[in-house]
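In my numbering, the protein residues as written are 430 to 710.
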Amino acid sequence: MSPDQSLVYLNGHYQPLCDAKISVLDRGFLFGDGVYEVIPSYRGRLFYLDDHLSRLAKSLNSIRMTPPHSATQWSEIFQPLLDPTKDQYIYLQITRGVAAKRDHSFSDDLTPTVFAMSADIAPIEHLRCGTQALTIEDTRWHLCNVKATTLLANILLRQEALDQQCAEAILIKNGLVLEGAASNIFVVKDGVILTPPQDSNILPGITRKVVIDLIQNQRIPFQETAIRTETLDHADEIWLTSSTREIIPVTELNSRSVSSGTIGPMWHRINTLFQEKKAHD
Ligand code: PDD
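(1) Closest to Thr691 by CA distance: which of Val616, Ile601, Thr560 and Arg657 is it?
(2) Mind checking whether the beta-carbon of Gly463 lies closer than 8 Å to any heavy atom of the ligand PDD?
(3) With DSSP as the reference, label Arg525 as helix, strand or coil.
(4) If you run the structure through DSSP and keep just helix, strand and coil, what is Gly408?
(5) Assuming Pro509 contacts Arg472 (C-beta within less than 8 Å), just tell me the rounded distance between them.
(6) Less than 8 Å between the CB atoms is what I'm expecting for Leu643 and Ile667, so what's the real figure, rounded?
(7) Secondary structure at Gly604, three-state DSSP: helix, strand or coil?
(8) Could you check whether the Cβ of Val467 sits closer than 8 Å to any heavy atom belonging to the ligand PDD?
(9) Please determine, among Lys530, Ser629 and Gly634, the residue with the shortest C-alpha to C-alpha distance to Asn613.
(10) Please report the straight-line C-alpha distance between Ser689 and Lys530, rounded to a whole angstrom.
(11) Would you check whether the ligand PDD has a heavy atom nearer than 8 Å to the C-beta of Lys576?
(12) Which residues mark the beginning and the end of the alpha helix (DSSP H) in which Ile451 is found?
(13) Would DSSP call Leu489 helix, strand or coil?
(14) Hey, is Arg637 close to the ligand PDD, as in C-beta under 8 Å from one of its heavy atoms?
(15) For Ser547, count neighbouring C-beta atoms within 10 Å of its own C-beta (all shown protein chains included) and say buried if the count is 16 or more, exposed if not.
(16) Less than 6 Å between C-beta atoms, sequence neighbours within five positions excluded: which residues of the same chain meet that for Arg637?
(17) Kindly indicate which three-state DSSP category Met494 falls into: helix, strand or coil?
(18) According to DSSP, what are the bridge partners of Trp668?
(19) Measure the C-alpha to C-alpha separation of Gln588 and Arg685 and round it to an integer number of angstroms.
(20) Could you give the C-beta distance for Pro469 and Ile550, rounded to a whole number, given that I count them as a contact under 8 Å?
(21) Counting C-beta neighbours from all protein chains within 10 Å, is the total for Trp696 16 or more, i.e. buried, or is it exposed?
(22) Going by CA-CA distance only, name the one from Gly604, Phe507, Ser672 and Phe535 that's closest to Val543.
(23) Using the C-alpha atoms, what's the distance from Lys576 back to Leu511?
(24) Would you call the region 642-659 and the region 596-606 in contact, with 3 or more CB pairs under 8 Å?
(25) Apart from the five residues on each side of it in sequence, which residues of its chain come closer than 8 Å, Cβ to Cβ, to His533?
Written out as structure tokens, the structure is:
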């Protein structure tokens with residue numbers, strides 16, 4: 430089946446992607462006035478669905494919207510989009526809806542636009558062999574904990590990394606390491622795993638949460654703490670986490686090797702546990 434024939438969900442109806450249309454007055458189109466989720470599904474089983482839906486509810490609340498569906502309804506909506514033979518993700522987007530005219534201000538009585546589709550998770554084996562990243566000053570807004578569709582800064586930062594043959598941009602603000610343009614970050618130093626604290630400077634990643642649970646279950650020394658940029662220069666290991674890329678080891682940062690330039694033992698340990706969780710959860 431060609432991608433534009435694949436089934437998508439739009440406002441209560443399933444239809445081929447090529448037939449799904451929204452109004453040009455949709456506030457998502459005009460203002461990026463909406464939020465989204467990316468939920469991995471391994472062979473038809475949605476991974477940490479409740480956590481994704483709870484983050485969605487928080488994102489909606491932050492932009493003064495209420496979830497249009499219950500957790501059970503979301504699950505029912507997603508099922509027809511999933512292929513039980515594949516590793517995919519659900520992309521879910523909710524915008525504030527269509528207003529009568531373009532106006533920055535909004536009323537509370539708009540009907541949200543709800544769109545969901547599935548896509549195959551792109552192969553990541555090449556990234557798991559160790560990848561390149563660079564540090565860049567964070568140019569985003571102040572509500573990075575909200576999973577807003579307004580991603581212009583993120584896409585420009587990611588593209589700058591790609592232009593320099595790097596897989597990710599690591600974002601720096603006031604001398605502190607925050608996260609990747611589309612991922613969270615972990616740093617290993619002297620046997621301790623560090624990650625920046627969950628505040629409005631970063632997205633509360635679900636993969637981040639899974640990784641933290643694994644680390645704590647193993648009783649590995651761990652700190653959620655502010656990480657200075659210089660710490661990256663002396664790190665033993667650096668990892669990036671996201672729903673579509675899992676846990677990616679960074680072996681080269683700003684054109685210099687991270688430690689010896691090979692994948693570290695802590696990554697192997699946590700990634701093995703993560704793969705077991707994926708297979709059994
Ligand atoms: N992005 N930080 C940012 C800025 C992100 O965009 C993402 C994920 C993450 C990791 O969150 P999670 O583990 O819940 O995927 C952190 C998704 C994959 C995207 O925009 O496509």
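All C-beta atoms in this analysis are idealised placements derived from N, C-alpha and C, irrespective of residue type, glycine included.
Here the structure is a predicted model, which is why all the values come from computation and not from measurement.
Taking the geometry as given:
(1) Thr560
(2) no
(3) coil
(4) Nothing in the structure corresponds to residue 408, since the chain is present only between 430 and 710.
(5) In fact, because the Cβ distance is near 16 Å, the residues do not count as touching under 8 Å.
(6) The Cβ separation is near 17 Å, so there is no contact.
(7) coil
(8) yes
(9) Gly634
(10) 58 Å
(11) yes
(12) Here Ile451 belongs to no alpha helix (DSSP H), and DSSP marks it neither H nor E.
(13) helix
(14) yes
(15) buried
(16) Asn613 and Thr670
(17) coil
(18) Phe615 and Pro678
(19) 20 Å
(20) 7 Å
(21) buried
(22) Phe507
(23) 23 Å
(24) yes
(25) Phe460
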